[in-house]
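Numbering (the numbering used here), first residue to last: 2 to 523.
In what follows, a single structure is set out as C-alpha cells and then discussed.
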Amino acid sequence: MAPNKLNSSQGNTSMSCSQAENGFVNSFSLFPEKAVEEILQSPIQGSDDHLIEFSEALRTVAKALRQVAEGKASAQAEAAEWKRKFELERDRNLKFEHAEKSCFEHQADLDDMRTNSPAKQPTSCNVANGQSGKCCSRNGICSHEVLKDGAPSSDSKIVKKASFKLSWFCKDDQSDQYKHDIVSFERGNITTAQRSSKQISLKWQSCPQTVLILTKPNSVSVQILCSEMVRWLRQQKNLHIYVEPRVRVELLAESSYFNFVETWKDDEEVLMLHTKVDLVVTLGGDGTVLWAASMFKGPVPPIVPFSLGSLGFMTPFYSEHYKECLESILKGPISITLRHRLQCHVIREAAKNEYETEEPMLVLNEVTIDRGISSFLTNLECYCDDSFVTCVQGDGLILSTTSGSTAYSLAAGGSMVHPQVPGILFTPICPHSLSFRPMIFPEHVTLRVQVPFNSRSPAWASFDGKDRKQLAPGDALVCSMAPWPVPTACLDDSTNDFLRSIHEGLHWNLRKTQSFDGPRET
Numbered sequence: 002m003a004p005n006k007l008n009s010s011q012g013n014t015s016m017s018c019s020q021a022e023n024g025f026v027n028s029f030s031l032f033p034e035k036a037v038e039e040i041l042q043s044p045i046q047g048s049d050d051h052l053i054e055f056s057e058a059l060r061t062v063a064k065a066l067r068q069v070a071e072g073k074a075s076a077q078a079e080a081a082e083w084k085r086k087f088e089l090e091r092d093r094n095l096k097f098e099h100a101e102k103s104c105f106e107h108q109a110d111l112d113d114m115r116t117n118s119p120a121k122q123p124t125s126c127n128v129a130n131g132q133s134g135k136c137c138s139r140n141g142i143c144s145h146e147v148l149k150d151g152a153p154s155s156d157s158k159i160v161k162k163a164s165f166k167l168s169w170f171c172k173d174d175q176s177d178q179y180k181h182d183i184v185s186f187e188r189g190n191i192t193t194a195q196r197s198s199k200q201i202s203l204k205w206q207s208c209p210q211t212v213l214i215l216t217k218p219n220s221v222s223v224q225i226l227c228s229e230m231v232r233w234l235r236q237q238k239n240l241h242i243y244v245e246p247r248v249r250v251e252l253l254a255e256s257s258y259f260n261f262v263e264t265w266k267d268d269e270e271v272l273m274l275h276t277k278v279d280l281v282v283t284l285g286g287d288g289t290v291l292w293a294a295s296m297f298k299g300p301v302p303p304i305v306p307f308s309l310g311s312l313g314f315m316t317p318f319y320s321e322h323y324k325e326c327l328e329s330i331l332k333g334p335i336s337i338t339l340r341h342r343l344q345c346h347v348i349r350e351a352a353k354n355e356y357e358t359e360e361p362m363l364v365l366n367e368v369t370i371d372r373g374i375s376s377f378l379t380n381l382e383c384y385c386d387d388s389f390v391t392c393v394q395g396d397g398l399i400l401s402t403t404s405g406s407t408a409y410s411l412a413a414g415g416s417m418v419h420p421q422v423p424g425i426l427f428t429p430i431c432p433h434s435l436s437f438r439p440m441i442f443p444e445h446v447t448l449r450v451q452v453p454f455n456s457r458s459p460a461w462a463s464f465d466g467k468d469r470k471q472l473a474p475g476d477a478l479v480c481s482m483a484p485w486p487v488p489t490a491c492l493d494d495s496t497n498d499f500l501r502s503i504h505e506g507l508h509w510n511l512r513k514t515q516s517f518d519g520p521r522e523t
C-alpha cells in the first residue's frame with residue numbers, strides 16, 4: 002500500500018475531530034484502524050518471516066486502537082452523564098437559595114409591618130413578671146421563625162398552639178439581651194467580642210396546652226409510667242394529651258377514664274401534628290427520640306426525653322422525678338439543645354430532570370451507605386459542592402450529624418462532637434487504606450455520594466438504621482443540613498448533659514489514678 006493512503010480524507014477527518022474535541026492532535030488518529038486494516042489486506046509478497054511478524058503486530062495495534070476508541074466513547078458518555086446530573090443538582094440548589102431568599106425577604110416585610118403597627122405586636126413571654134415586650138428577632142429566635150406555625154385552623158377541636166421565644170443565654174450576664182459574636186476590623190486588627198456560653202434558652206410566651214407522649218413499645222414499666230403521667234397531666238395541668246394509636250388502645254384497655262386521650266388516624270394527620278402539639282414527651286431511650294423526630298417531616302416541637310432505655314445520650318431526664326421535671330419545663334424557662342438533622346435525596350441514574358427525585362429523608366443520627374450482602378468492596382465517589390473529595394473503597398461510608406457522633410460513627414472510628422457544633426461527619430467504614438481518616442465538614446456544604454458506572458455491585462443506603470434503599474451504578478445520594486432542627490430539653494445545660502452522657506454511657510477515659518507514692522522527680 003502506498004504511504005499517501007495514510008493521509009486519506011477519512012484520516013484527516015479523524016485528526017480534525019480530535020483537535021476540535023481535545024484542543025490537540027490525538028496520536029492515535031495518525032494511524033486510524035481502517036488504515037491498519039488496509040495494510041493487513043494488501044498482498045504480502047513472499048513468505049518472509051519479518052513481514053509475517055509485522056502483520057501480526059499491526060493486528061495487535063488495530064485491536065488496541067479499537068479498545069482505546071471504545072474506552073474513550075464510554076468515558077465521554079460517563080462524563081456527559083455526570084455533567085447532566087451536576088447541572089440538575091446546581092439548578093436545584095439555586096432554586097433552594099432563591100426560595101430561602103424570598104422567605105427571608107417576606108420575613109423582613111413582616112417585621113417592618115410589626116414595627117409600623119405597634120397595636121398588633123405580640124406580647125413578650127415573661128408573663129410571670131408582668132412584663133411585656135415586642136416579639137422581635139433582634140432579642141432572640143421566636144417560635145414562628147423556628148416552627149413556622151401557620152394560621153390557626155378553623156376546626157374548633159384544635160387548641161391554639163403555645164408560642165415561645167429562643168434566646169442566647171450568657172452565664173456571666175443576668176440580662177436577656179441578645180448576644181452576638183461581633184467581629185471587628187478596627188485599625189486593621191481582626192478581633193472578636195467576648196463570647197457567651199451560647200446556651201439556648203426557651204421561654205414560653207403563652208402556656209402550653211397540648212402534649213404528645215411517645216413510648217417505647219413492649220415494656221410494662223413504660224406502660225405503667227405512661228398511664229400515671231397522662232393522668233397527672235390531665236388532672237393537675239388540665240392539658241390535652243395526644244398518644245399513638247397503639248398506646249391509646251392500651252390505656253383504654255386499662256380504664257375507660259382515658260377516653261379524653263386523642264390520637265390520629267392516618268399519615269396526613271401525622272404531618273399536621275406540629276400545628277397542634279406544643280410539647281413532646283418521650284419515654285424510652287435514644288431510639289424513641291429518633292422515632293419522635295422521624296414523625297415530623299418539617300418543624301419539630303420541643304422534646305422532653307425521659308431515660309428508660311439502655312443507653313441515653315439524648316435522654317437526660319430521670320423518670321422517677323417526672324413530676325418535678327415537667328413542672329419546671331411547663332413553667333419555663335428551660336435550656337434546650339438544637340440537634341441538627343440531615344436532609345437526604347436519592348437521585349436515580351434514569352432521572353431526566355431535577356424533579357425526578359425520591360421523597361427526601363430526614364435523619365437525626367446518620368445516613369449509612371454500605372455494601373449490603375455483596376462480598377465486593379463498596380466503590381463510592383464523593384463530592385463536596387463542586388469539589389471532588391475522594392473515592393471510598395471499603396465496607397461503606399457514614400454521613401453523620403454531631404448528635405449521631407456517639408452512635409455508628411463512633412464505632413467506626415469517628416470523633417465525638419458536641420451536639421450543638423454545626424457540621425457533617427464524614428466517616429469511612431473499614432476503608433482499604435491506612436491513610437483514610439474521618440473528616441468533619443461545615444454545615445453549609447452539600448455532600449454527594451455517587452455509585453460509579455464501573456462499580457462491581459450496587460450499594461445500600463439506610464437512614465437512621467431503617468428505610469434501606471438500593472443504589473445502583475449511576476445513582477447518587479445528596480445530603481445537606483436540614484432547615485428544621487430537633488429541640489431537646491436539657492437537664493442542666495447542653496454541655497453538662499453531653500459530658501454526663503459520655504461519662505455514664507461510655508465510661509469515657511475511665512482509668513485508675515496513678516499511685517502518688519511512686520518514684521518522684523528530684
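Just so you know, even glycine gets a beta-carbon here, dropped at the ideal spot from N, CA and C.
Residue i versus the options, residue with shortest Cα-Cα distance
i: residue 304; options: 291, 312, 63, 230; result: 291
i: residue 315; options: 210, 499, 216, 227; result: 499
i: residue 371; options: 351, 393, 353, 365; result: 393
i: residue 438; options: 352, 448, 75, 427; result: 427
i: residue 397; options: 519, 267, 458, 88; result: 458
i: residue 349; options: 67, 283, 90, 390; result: 90
i: residue 327; options: 54, 234, 519, 99; result: 234
i: residue 337; options: 65, 421, 347; result: 421
i: residue 472; options: 448, 346, 446; result: 346
i: residue 450; options: 77, 71, 57, 83; result: 83
i: residue 260; options: 99, 522, 250; result: 250
i: residue 98; options: 521, 455, 447; result: 447
i: residue 239; options: 262, 56, 218; result: 262
Sequence-distant residues of the same chain with beta carbon closer than 6 Å to residue i, five excluded per side
i: residue 145; result: With a pLDDT of only 46 at residue 145, under 50, the local geometry of the prediction cannot be trusted, and the value read off the model is given with reservation. Excluding sequence neighbours, residue 145 sits near nothing in its chain.
i: residue 73; result: none
i: residue 87; result: none
i: residue 325; result: none
i: residue 265; result: 271
C-alpha distance - residue i paired with residue j, whole-angstrom precision
i: residue 395; j: residue 411; result: 17 Å
i: residue 310; j: residue 514; result: 31 Å
i: residue 277; j: residue 363; result: 21 Å
i: residue 376; j: residue 460; result: 11 Å
i: residue 206; j: residue 299; result: 22 Å
i: residue 432; j: residue 453; result: 17 Å
i: residue 468; j: residue 297; result: 16 Å
i: residue 212; j: residue 485; result: 20 Å
i: residue 323; j: residue 501; result: 19 Å
i: residue 508; j: residue 497; result: 15 Å
i: residue 477; j: residue 465; result: 18 Å
i: residue 203; j: residue 334; result: 5 Å
i: residue 157; j: residue 248; result: Its pLDDT being 45, under 50, residue 157 is placed unreliably in this model, and the value from its coordinates should be taken loosely. C-alpha separation (whole angstroms): 25 Å.
i: residue 366; j: residue 229; result: 31 Å
i: residue 418; j: residue 407; result: 8 Å
i: residue 232; j: residue 381; result: 52 Å
i: residue 379; j: residue 400; result: 15 Å
i: residue 215; j: residue 237; result: 20 Å
i: residue 165; j: residue 330; result: 12 Å
i: residue 132; j: residue 373; result: Caution applies to residue 132, whose pLDDT of 44 falls short of 50 and renders its modelled position unreliable; the value that the coordinates give is listed next. For residue 132 and residue 373, the distance between alpha carbons rounds to 59 Å.
i: residue 66; j: residue 80; result: 21 Å
i: residue 102; j: residue 163; result: 28 Å
i: residue 252; j: residue 475; result: 50 Å
i: residue 268; j: residue 414; result: 38 Å
i: residue 523; j: residue 516; result: 17 Å
i: residue 319; j: residue 389; result: 46 Å
i: residue 50; j: residue 63; result: 20 Å
i: residue 56; j: residue 470; result: 53 Å
i: residue 409; j: residue 369; result: 9 Å
i: residue 31; j: residue 455; result: For residue 31, the pLDDT reaches just 44, beneath the cut-off of 50, and the residue's location in the model is therefore unreliable, although a value from the coordinates is still provided. Residue 31 and residue 455: Cα-Cα distance of roughly 30 Å.
Sequence-distant residues of the same chain with beta carbon closer than 7 Å to residue i, five excluded per side
i: residue 22; result: The pLDDT assigned to residue 22 is 40, lower than 50, so where the model puts this residue is not dependable, and the model offers no usable value.
i: residue 443; result: 424
i: residue 487; result: 294, 301, 304, 340, 342, 365
i: residue 287; result: 310, 312, 313, 314, 315, 316
8 Å Cβ shell around residue i - same chain, five flanking residues per side excluded
i: residue 220; result: 285, 309
i: residue 445; result: 482
> Is it a yes or a no for the stretch 474 to 481 touching the stretch 492 to 505, going by three-plus beta-carbon pairs under 8 Å?
Replying inline: Not touching, per the Cβ criterion.
> Which runs of the alpha helix (DSSP H), 4 residues or longer, sit entirely within the stretch 230 to 297?
Replying inline: 246 to 255, 268 to 272, 287 to 295
> In chain order, which continuous runs of the alpha helix (DSSP H) of length 4 or greater are located wholly inside the stretch 492 to 522?
Replying inline: 495 to 507
> Of all the beta strand (DSSP E) runs that stay within the bounds of the stretch 292 to 332, which reach a length of 3 or more residues?
Replying inline: 304 to 308
> Which ranges does the beta strand (DSSP E) cover as unbroken runs of at least 3 residues, wholly within the stretch 197 to 228, from first to last along the chain?
Replying inline: 200 to 205, 211 to 216
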